[in-house]
Structure formats: structure tokens, C-alpha cells
Ligand SMILES: *Cc1c(COP(=O)(O)O)cnc(C)c1O
């Protein structure tokens, strides 16, 4: 494609792109859904399989500290989300972690019955809340309001406020610090889903006084397809919380093989079964790329890429309508545009080497990952989009057949 954009010449993160495997001819605007492969990860995984598993065998649980990999990985993620060492663990999926923290939070507030969330939440979080409330049979109610009504809905009935910080469709960001304070003032516990926040925007869980958080390993953290998720418990709750899934990895002495369950002190009590070492090793290694950068510079570049994208699209593709907040402070690291035939346009874009995704009913979603995207990529991507819209090349049957995964 064309010569570098002037903003790339002064970009302190420009060289980070070399740390990733990006297929020839692809501009990847979907790191909010599945992050790109860091170049060193395949060798690391080959070593875990060939050397650690292959030759150390069961001894590797001790000799290669496999047993501590969930916390070691959690601590690396903690640094990116303002969580002190020992308060984050990498385990299970985000959905399973929602189940565990919501149950733990409800037990900390046993006299109240309302779980408050909003209709911008990712459905799996709401499905899990609904299933848990049925299972508990204690009269809990899941109250779902509009995002802007959350604050006014915090009353003395709310046990838990459970929100996703960055809306997966529009990128709209909730004010974590203010809402957490309001929740606490109302006597509620605050759970934050950081699926679209971790590795994408600056998060300060401890500073915001959040009670619990969960999030995804395979989006901005680049841990690989289906990578383990993470889970945070505020230090002040660590020795009070109870997991509803009391597996042996959360036991005080798993290898004592006692018949009674006694939770270990600390974050490990929120773990369940044997950690998925191959998947965790991939996530742990992928986090290397964050070691020498801070979230402030990632955020600054994310805003710069997103602002450029919005101005380019609005200048060159007037057929599309901005679905994300215009103010960068209210937006995560993604930009969405509405277009009635957005699905077909997105398929045509992907065929043209620009990969974003689509969320029903009409949202075309573009993720901006400062570690492996340049300003030139943004300009080049919009050129492809403009061409598709102006020629109508999206209007073909092959672009309208819905795949299983959109
Ligand atoms: C991506 C995402 C999930 C995904 O959960 P899985 O259990 O990994 O499938 C959950 N919650 C939110 C808010 C998400 O954005």
C-alpha cells in the first residue's frame, strides 16, 4: 500500500507491530474479538509441549511452576487493570467467571434481591445471571435498565450492580469510578466486566474501589482463541468470598485429599479445577508484548487511530452513520458505524483484506489495537471501504449468506 502516514513517524509504539504475525494483505480491525498472534508464542508453546510436557511430564507442575501459572498470568494482567499482585487469577471462561463472582457478590449482600445490569451488557453475562438466580431459588430479580438509567436505579434493594465497562456494540464507556461509588453509597456491590477494557483502555480497579471484575483473555490481550479469562476480587473481600464452584484447586490443601472443603486464603479460592496449561502458557507468553509499554501510551494511540478513522469515514463514506460516542473520553478502543446492509458490506470488506465484524441488527464494528495498527492502516482500510460503497460491490449474494460466527 502507500507511504507511511505522518502520524506514524512520531509514534512511539510503531515498532511493536514487528512483534506480531499479520498475514500479508490484511488490515486487522478485529482485535477486540480475537487478538493477533504475537510472533514468539508458537515457539513458546512448542517448548511447553515438547520440553515441559514432553520430557518433564508430571514433574513440570513443580519444576516449571505450572501450578502457579494461573496467578502468575493473573498478576501480569493485574498490572494492566490497576489490580495489586495477588488479586487477579487467569482461569475458566468469562461466562463461568461471571457465575462465580456474581454468586460470591450476592452472598456478601444476603438481604437484598436485585441484580442490576443494563441492556448494553453482553448477553452471556445476563444469561448467566438469569441462570444463577433460578438456581438459587431465593427470589432474586434481574433488573435490566438502559445504560444511562443505571445510576438512578441504584436504591436500597440492589444487591449487586453488574456492568460491562465498554459496550461491545458501540464502544460506549461507563464511568467506573463514579458508578462504583454510587453503588457503594446505595449499599450495593459492584462487578465490572472488562472484556473490552483490559489491554484497550486505562483501568484502575483499585483506585475505583471495584469489588469484583472479570474479563477476556482472547480479545485485546491476544491470548489465542478461547484463551482463559481472568477474575479479580478486591483485597478487602479476598478472605470473605465464597465460590459456588468449590473444586479442589480452590481448596486450602488440594493434595491432602481431605473429604471436607476448606477454601484456601487468597484469590485461588475462586479457581475450580486443573488449569489448562497449554492455553494459559499462550496467554502468559502473549502478555510479554505489554511488558515494556504502559496503558497511557496505548490509550493515546488508540484515541489517535479512532479519531482518524471517524474523520476519514465521515469524509469518504457518507452512507454510514456513527454508532459510537463522538467524544473520545466516552469511547473504548472500537468505533462502530450503522448501515442497513452492514453485514454484506463487512463480508465484502473482509474479502478485500480489511477484517472487522458485524453485530446485529446493523452495526459494523472496527477495533483499534495500537500495538499492531498504524495510522496508514486506518487510511488504507477506509479507502477499501469507500470503494466497496461507491461501486456497490457488496451487493452480491455471496456476501449476504450469514455464517455461524459473525
Ligand atoms: C466477549 C465477552 C464475553 C465472552 O465470554 P466467553 O465466556 O469467553 O464466551 C463475555 N462478556 C463480555 C462483556 C464480552 O465482551
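Numbering (our numbering), first residue to last: 13 to 418. For every residue, glycine included, the Cβ atom is placed at its ideal position computed from N, Cα and C.
Between the region 77-97 and the region 205-221, do three or more beta carbon pairs fall short of 8 Å?
yes
Please confirm whether residue 86 and residue 380 have their CB atoms less than 9 Å apart.
no
Suppose only complete runs of 4+ residues qualify. What are the alpha helix (DSSP H) ranges in the region 226-304, listed by chain order?
289-298
Nearest to residue 208 by CA position, among 127, 334 and 343, is which residue?
343
Taking the CB atoms as reference points, tell me whether residue 126 and residue 83 lie closer together than 9 Å.
no
At a cut-off of 8 Å, is residue 207 close to ligand 1 when judged by its beta-carbon and the heavy atoms of the ligand?
yes
Looking at the strands, I want to know which residues DSSP matches up with residue 203.
174 and 224
In terms of DSSP beta bridges, what is residue 153 paired with?
126
Backbone secondary structure at residue 359 - three-state DSSP:
helix
Determine the contact status of residue 100 and residue 244, defining contact as a CB-CB distance below 9 Å.
yes
By Cβ distance below 6 Å, which residues in the same chain neighbour residue 228 in space, the five residues on each side in sequence not counted?
106, 207 and 241
At which residues does the beta strand (DSSP E) containing residue 347 begin and terminate?
346-350
Quick one: what does DSSP say residue 364 is sitting in, helix, strand or coil?
coil
Return the first residue and the last residue of the alpha helix (DSSP H) that residue 110 is part of.
106-120
When DSSP labels each residue in this structure, what does residue 8 get in the three-state scheme?
There is simply no residue 8 to check, as the chain begins at 13 and stops at 418 in what is shown.
Count the CB pairs spanning the region 247-256 and the region 186-193 that are closer than 8 Å, and state whether there are at least three.
no
What does the alpha-carbon distance come out to for the pair residue 384 and residue 346?
14 Å
Looking at residue 53 and residue 211, is the spacing between their C-beta atoms short of 9 Å?
no
Taking 8 Å as the cut-off, does the CB of residue 119 come closer than this to any heavy atom belonging to ligand 1?
no
To which residues does DSSP link residue 102 through a beta bridge?
242
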